[in-house]
Amino acid sequence: MSNKLSSSVPTDREVVLGILNNSEDALNRLYIGYFPMVLKFILNNNGDEDDAKDVYQEAIIILYNKIKSGDFELSSKLKTYIYSVCRRIWLKKLSQQSKKTTNNLSDFEDVIAVEVDVEVHEEKDLQFEKMGSALLNLGEPCKTIIQDFYINNLSMQDICEKFGYTNTDNAKTQKYKCLQRLKKLFFQS
Amino acid sequence: MKNNIELEAIIDDYLQGRLSEEEVIALEQLRLNDPSVDHKIVTHKAFLDSLNQYGNVLSLKQQMEKAHQQIDVAALSEELRPHPSIVIKLWRRNKSAFAIAAAFLLLTISSIYSIQHSSSQNGTYEVMRREITNIKNNQNRLVRTMNSSTSKTEKGPVKNAKFGGTGFALTANGYLCTNFHVIRDADSVYVQNNKGESFKAKVVYRDLQYDIAILKITDEAFEPLSNLPYKLKKNSIGMGENVYTLGYPKDDVVLGDGYISSKTGHAGDTTQYQVAIPINPGNSGGPLLDNYGNVIGVITAKENQVDGATFAIKSRYIQEALNAIPQDSLGKKVVFSKKNPLQGLSRTKQIDKIQNYVYMIKVYN
């Protein structure tokens, strides 16, 4: 099984180009390709499958953002980068859990320094959590309107029809009100 | 307040690039003049970025979730789960270290091997001898049981007794040459000629170093031989020379034919030749003769892993062994007869004469 998976691991270049071009297939193959490595690492270091999934997804997000931001240079193998990020995240989680640093991790791959990337991500993750809870507190229909307009990039016309507003101006006004409230919630928290 | 909302709306549109050119210019003018507007724009931009990022991450998470579903996590984790065995854990943890250590070990072993065994014809030397010994032991055991089942008064060896090796006459009065390892551990030794007559013999000389033993036929029934047809060759012989041997790997004398393939024997041993000749257990102690009927050596062992590598002790050392025996007891000295009566005879004729002087050595213990 692992052989089959590793054979489908895309090349590093494929991944970078794929992510820059929003290729879903590249992301899929990246995800499936390196998950076993991380799963093995977590399982062998006092974690379970869910831990592995969480840590791995965070690492992929970090990689994704790094590639998207444009300042990603292939100074190391993607595999090494992903492994190092996962290792760093898991180390942090372990030390948070047990209040003591675990120094004797079982390593399976080379490790590079990724502390900065992980810290940057932690800040972004905080923002993500804030936005998530702000949207949750916003309630319907505001949440869906905002998501449709700003995230799913629907036009005002679409939103108008979807929510049954009589005209787009009404919808616009509604959207602005929602936006104001969301901003308030977001910056307050 | 309404103004405020409108301004926000304009800023929102501005940041999303939905404004017309004049509106953009108007807003940028306003932004320059009014710091509070600038602040609003910056704040809103940060907010929109967050929202954007949120959307991106959300969709990324959904994609990953989809990908995750394609993975058989349970099976995978079963495979990758830390093994209960400490050994395997250790192995996984230090795989590369082990690999390096193993590689190093292999390298060391192979280099030591290549240093010690530059000829690569060693190890099995001993094996061959052991095989011979085993066969000998088995045979001895067989003989012993037969002995006990027959009357003790019977003289000489049992009819069906088997052999331990081969020997050949050095003198007409019953001195024989064979390998030391053939008669090692022997309590009593019998020799049998090609006519099937058995004679009791005793070991008069043992040379562990060259693996040579000299026997003397002590049996009263033994009648002195006529003059030996062959002589010992004093000088060493050249590579490629055709040679042959007579021996008793079975009940009847067997001819083996070959050539000298090296002037040194096992592990470069200069006391031996390497001979490409087929031999079997039982050939040990047999004479190695050249085409002129000169004894040039004594078959002693063969290499198992290498094809056609048989070793024979050079005849010079037979002479040395003979020198250790009181000269007068040797009787008529034939060993270095000047003239070789076999010279010029065909191989068949030579063998016809020689085989009378080649004996099967039977060992009892």
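Same order as they appear, the protein sequences are chains Z and H. One gets my numbering by counting positions in the first sequence from 1 and adding 4 to each. One gets my numbering by counting positions in the second sequence from 1 and adding 3 to each. Using N, Cα and C, we set each Cβ at its ideal position, and we do this for glycine too.
C-beta atoms of A324 (chain H) and G300 (chain H) nearer than 8 Å: no
For E26 (chain H) and E113 (chain Z), the rounded distance between their alpha carbons: 56 Å
Quick one, which of H:H42, H:T46, H:H71, H:V60 has its alpha-carbon nearest Y38 (chain Z)'s? H:H71
Compare the Cα-Cα distances from E226 (chain H) to each of H:A175, H:L235, H:Q56 and report the closest residue. H:A175
Could you give the first and the last residue of the continuous beta strand (DSSP E) run that contains S201 (chain H)? 201-210
Who pairs with M363 (chain H) in a beta bridge, going by DSSP? H:T169, H:Q195
I want to see whether chain Z comes within less than 8 Å of D15 (chain H), judged by CB atoms only; does it? yes
Is there a Cβ from chain Z that is less than 8 Å from the Cβ of H42 (chain H)? no
Contacting residues, own chain, Cβ-Cβ under 6 Å from V40 (chain H) (five flanking each side not counted): L33, R34
Who are the Cβ neighbours of D16 (chain H) in its own chain at under 7 Å, not counting the five residues just before and after it? L22
Taking one C-beta from the segment 195-212 of chain H and one from the segment 342-351 of chain H each time, how about it: are there three or more such pairs within less than 8 Å? no
Excluding five sequence neighbours on each side, which residues of the same chain lie with their C-beta closer than 8 Å to the C-beta of A63 (chain Z)? V42, I86, V89, C90, I93
Option nearest T248 (chain H) by Cα separation, candidates H:H269, H:K219, H:G296: H:G296
Measure the C-alpha to C-alpha separation of G364 (chain H) and Y320 (chain H) and round it to an integer number of angstroms. Here the sequence assigns Ile to residue 364 (chain H), which means Gly is not the residue at that position. The straight-line gap from Cα to Cα measures roughly 20 Å.
Would C182 (chain Z) pass as an interface residue toward chain H - the criterion being a Cβ-Cβ separation below 8 Å? no
Check the C-beta distance from V298 (chain H) over to P290 (chain H) and give it rounded, since I have them as a contact under 8 Å. 5 Å
In chain order, what residues of the same chain have a beta carbon less than 7 Å from the beta carbon of T170 (chain Z), not counting five sequence neighbours either side? none
Looking only at DSSP bridge pairs, what is A312 (chain H) linked to? The partner list for A312 (chain H) (beta bridge, DSSP) is empty, contrary to what the question assumes.
Per-residue contacts from K166 (chain Z) into chain H (C-beta, under 8 Å): Result: empty, since nearest Cβ-Cβ is about 18 Å, beyond 8 Å.
Check whether the Cβ of Q142 (chain H) lies closer than 8 Å to any Cβ atom in chain Z. Low local confidence applies: a pLDDT of 39 at Q142 (chain H) is under 50, so the model's placement there is unreliable, and no value is given.
Contacting positions in the segment 31-50 of chain Z - beta carbon closer than 7 Å to chain H: L31, N32, Y35, I36, F39, P40, L43, K44, L47, N48
What runs of the beta strand (DSSP E), each 3 residues or longer, lie entirely inside the segment 240-276 of chain H? 245-250, 257-265
If I follow the unbroken beta strand (DSSP E) through A304 (chain H), where does it start and stop? 297-305
Determine, using beta carbons only, whether S53 (chain H) comes closer than 8 Å to chain Z. yes
Cβ closer than 7 Å: which chain Z residues qualify as neighbours of V185 (chain H)? Those do not exist, as V185 (chain H) stays about 59 Å from chain Z at its closest Cβ, beyond 7 Å.
CB contact below 8 Å: E127 (chain Z) versus chain H: no
So who's on the other strand from D293 (chain H), going by DSSP bridges? H:V246
Would the segment 255-275 of chain H and the segment 229-242 of chain H be scored as touching if the rule is three or more Cβ pairs under 8 Å? yes
Taking only the alpha-carbon atoms, compute the straight-line gap between A78 (chain H) and R84 (chain H) and give it to the nearest angstrom. 10 Å
Beta-ladder partner(s) of A78 (chain H), from DSSP: Beta-bridge pairing links A78 (chain H) to no other residue.
Proximal residues of chain H, C-beta to C-beta of G136 (chain Z) below 9 Å: Y57, L61
Within-8 Å CB hit, V45 (chain H) to chain Z: no
When burial is assigned at 16 or more other CB atoms within 10 Å of the CB, is Y116 (chain H) buried or exposed? exposed
Any idea if V20 (chain Z) is buried or exposed, counting beta-carbon neighbours within 10 angstroms, 16 or more meaning buried? buried
Contacts of E11 (chain H) in chain Z (Cβ-Cβ under 8 Å): Y180, L183, Q184
Report the rounded CA-to-CA distance for K187 (chain Z) versus E123 (chain Z), giving the unit in angstroms. 25 Å
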